[in-house]
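Heads up: the structure comes next, in structure tokens.
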Amino acid sequence: MARIVVTGGAGFLGSHLCERLVDRGDQVVCIDNLRTGRVANIEHLFANKLFTFVDHDVSNYIWVPGDVDGVMHLASPASPVDFDKIPIQILKVGSLGTHNCLGLAKAKGARFHLNSTSEVYGDPLVHPQPETYWGNVNPIGPRSMYDEAKRFAEAITMAYRRHHGVDVRIVRTFNTYGPRMRPDDGRVVSTFIIQALQNRPISVFGQGQQTRSFCYVDDQIEGQLRLFDGDYQEPVNIGNEAEFTIRELAEAVIEITNSSSELDFRPLPQDDPMQRRPDLTVARRELGWEPTIALREGVTRTAEHFAEVLGL
Ligand code: UDP
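See below:
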């Protein structure tokens, strides 16, 4: 049994991670300032003795009494909708927040796990993206606060590993979806599912020819835990290789939800990456992991969740 601090534990990914850790018998200290995380995601864990919740912004100094074996840093707004609304907080949690979490891990002799992102590859010129690709990022564009904060987070993580000998893990998460995404966070899978369930127009940006590779949350968490539990100290892509255009996604969601929605083409946001697909060679080799839940199955499960949330 280990004692693990999970930052962003009330968020979409964080709450699934807390649940898995508690289920396997680990003690979890969940830290979240509830800026984009939600109590509703974790309240079912409150009665569990292994679970503690702390309302705190990790961009400020963190102290956790007692032994800590792992610090898993997932705290960060992650949606393009947040990029417009709270850019400074995103930069702070990726930089100051990561620094504080590394400081906590160092003080406790704990393993540090950074939830980084495929956004470190920017609008990639190499396809699919292996971990060795350095990326194509606009440092001053409308996504830069997220991309550069995460790039800084990786850099300071590697500096703590090299300079202080902290035991680190870095996961690069590719578009992940599933139950507990915020209904209003604007990301494509949840947005399309909600629009389709309500038979409203599906907001396809551009011509919908840009691609993404969508990973179901249970696969994502399994990959992250294998990385955390293992020995590999370099970045690892965790995602799904099945790549879809956004138009294909919209059509699949309409079909799966049996919706009468029509496609509604809207302007493509600036710097929207044109393509994205993980190279999973390292994840397979080092973690023996690969995704198991195909888009159709994952969208079906996610649509069931949102139908319940919307009271349909
Ligand atoms: N997108 C879209 N309609 C929406 C939301 C997003 O067509 O209502 C597109 C967006 O332009 C991008 C892709 O879907 O090309 C994925 O967007 P998301 O915000 O989910 O994540 P990203 O991968 O861009 O961070």
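Taking the working numbering, the leading residue of the sequence shown gets -8, the next gets one more, and so forth. For each residue, glycine too, the CB sits at the ideal point set by N, CA and C.
So, at 8 angstroms on beta carbons, what are the nonlocal neighbours of residue i in its own chain, with the 5 sequence-adjacent residues on each side left out?
i             : result
arginine 26   : Asp48, Pro68, Ile77, Gln80
leucine 188   : Thr248, Ser250, Ala294, Phe297, Ala298, Leu301, Leu303
glutamate 272 : Rather than glutamate, the amino acid found at residue 272 in this sequence is threonine. Correct list, in chain order: Pro121.
proline 192   : Gln186, Ser252, Glu253, Leu254, Asp255
alanine 241   : Phe183, Ile193, Val195, Gly199, Leu254
Go ahead and label residue i buried or exposed: buried means 16 or more other beta carbons lie within 10 angstroms of its beta carbon, across all protein chains shown.
i                 : result
lysine 141        : buried
isoleucine 131    : exposed
histidine 311     : Nothing about residue 311 can be reported from this structure: the residues present for the chain run from -8 to 303 only.
alanine 285       : exposed
glutamine 18      : buried
tryptophan 280    : buried
leucine 116       : exposed
phenylalanine 165 : buried
alanine 144       : buried
threonine 283     : exposed
tyrosine 307      : There is no way to answer for residue 307, as the model of the chain reaches only from -8 to 303.
glutamine 261     : exposed
So who's on the other strand from residue i, going by DSSP bridges?
i                 : result
cysteine 92       : Answer is none; cysteine 92 lacks a bridge partner.
leucine 254       : Ile193
methionine 265    : Note: methionine 265 sits in no beta bridge, so no partner.
cysteine 206      : Thr167
valine 162        : Asn106, Val227
aspartate 176     : Its beta-bridge partners do not exist; DSSP assigns none.
aspartate 23      : Asp46
arginine -6       : Gln18
phenylalanine 219 : Looking at the DSSP assignment, phenylalanine 219 forms no beta bridge with any residue, so it has no partner.
methionine 63     : Val(-3), His104
Please check the pair residue i and residue j, which I expect to be a contact at CB under 8 angstroms, by giving their CB distance rounded to whole angstroms.
i             : j              : result
histidine 307 : leucine 105    : Since the first residue of the chain shown is -8 and the last is 303, residue 307 is not available in this structure.
glycine 88    : serine 50      : 5 angstroms
alanine 101   : valine 59      : 5 angstroms
aspartate 270 : asparagine 228 : 6 angstroms
Who are the near neighbours of residue i in its chain, counting only those whose CB is closer than 6 angstroms to its CB and skipping five residues on each side?
i            : result
glycine 126  : Val111, Tyr112, Gly113
alanine 96   : Val62, Phe103, Val157
tyrosine 223 : Glu277
Leaving aside the five residues before and after residue i along the sequence, list all residues of the same chain whose C-beta is less than 7 angstroms from its C-beta, in chain order.
i              : result
threonine 167  : Leu4, Cys206, Val208, Gln211
leucine 259    : Phe196, Gly197
methionine 136 : Phe74, Pro78, Ile81, Leu82
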